[in-house]
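Just so you know, the sequence shown maps onto residues 7 to 166 in the working numbering.
We put the beta carbon where it would ideally sit given N, CA and C, even for glycine.
Bear in mind that the values here come from a model prediction, so they are computed numbers and not experimental data.
Everything on this sheet refers to the single structure shown next.
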Amino acid sequence: MSIFTIGYEGLNIDNFLALLRSGCVEMVVDIRELPLSRKRGFSKNGLRDMLNANGFAYRHMSELGCPKPIRDQYRQDGDWQRYKKDFKRYLSLKNDVIADLSEMAGSSNCALLCFEANYRMCHRSMVADAVHLAYGIEVAHLQAGTVKTATTANRPEALA
């Protein structure tokens, strides 16, 4: 099995569903700490209901969301390297949750969901890296018009 990542920034519901189908995704794993959105249809309950109605399972894993203090620091200083370091440190304490996610990804095609369109600038890429590094599960990033497979050679650095 594989694990995918997807961001809904710039997508409407129809494009979002089409992108999930392009990767043969079966379950969407929402890794936003707070699964709320100003974008219609992308808050937790509405999203879950819409996904279920279209044949996708939904699970919210708030433990894999970026904690507010780390997000606030990034908003303040815009330092992406610091953000990555701080989030990876946080993620290194979540081995049990990464194991649960890996188990899900081993039995169905899962897509890690967050807002940001560019996976390189989103914590979901670091969560996917953690799953790949710990369990060898392949990662692909779903983006409008493409599916980008991230091989070991072009993966970001290891987790702290």
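Measure from the alpha carbon of residue i to the alpha carbon of each residue in the options, then state which is nearest.
i	options	result
H147	Y64, A136, Q87 and N124	N124
A136	M110, C128, P75 and S98	S98
L70	G142, D106, L23 and A140	D106
R34	L40, I104, I9 and S43	The sequence shown places Val at residue 34, not Arg. Comparing Cα-Cα distances from V34 to each of L40, I104, I9 and S43, the minimum goes to I9.
I143	R95, D20, C128 and M110	M110
M127	R54, F48 and D85	D85
S49	I19, P75, S28 and K74	I19
G112	G52, Y141, K91 and Q82	Y141
H129	S108, G52, R54 and Q87	Q87
R65	N51, C30, F22 and D83	N51
Determine the extent of the alpha helix (DSSP H) in which residue i is found, giving its start and end residues.
i	result
S113	N101 to S113
F10	Segment S8 to G13 is the beta strand (DSSP E) holding F10; no alpha helix (DSSP H) there.
V133	H129 to Y141
N21	I19 to S28
DSSP state of residue i, grouped into three classes?
i	result
G52	helix
R46	coil
D85	coil
E122	coil
E39	coil
E69	helix
L57	helix
Contact criterion: CB-CB distance below 8 angstroms. Does residue i meet it with respect to chain C?
i	result
L42	Going by chain labels, chain C is absent from the structure shown, which holds only one protein chain.
So, are the CB atoms of residue i and residue j less than 8 angstroms apart?
i	j	result
I17	F62	First, the residue type needs correcting, since residue 17 is Leu and not Ile in the sequence shown. No, Cβ-Cβ distance for L17 and F62 is not below 8 angstroms.
E39	S114	no
I37	M67	yes
P73	Y89	no
K91	M132	no
N21	A150	yes
What are the boundary residues of the beta strand (DSSP E) that residue i is part of?
i	result
R65	A63 to H66
L148	E144 to Q149
Inset, instruction - Decide if the region 119-130 is in contact with the region 10-27; the criterion is three or more beta carbon pairs, one per stretch, under 8 angstroms apart. - result: By the Cβ criterion, the region 119-130 is in contact with the region 10-27, since at least three pairs of Cβ atoms, one from each stretch, lie closer than 8 angstroms.
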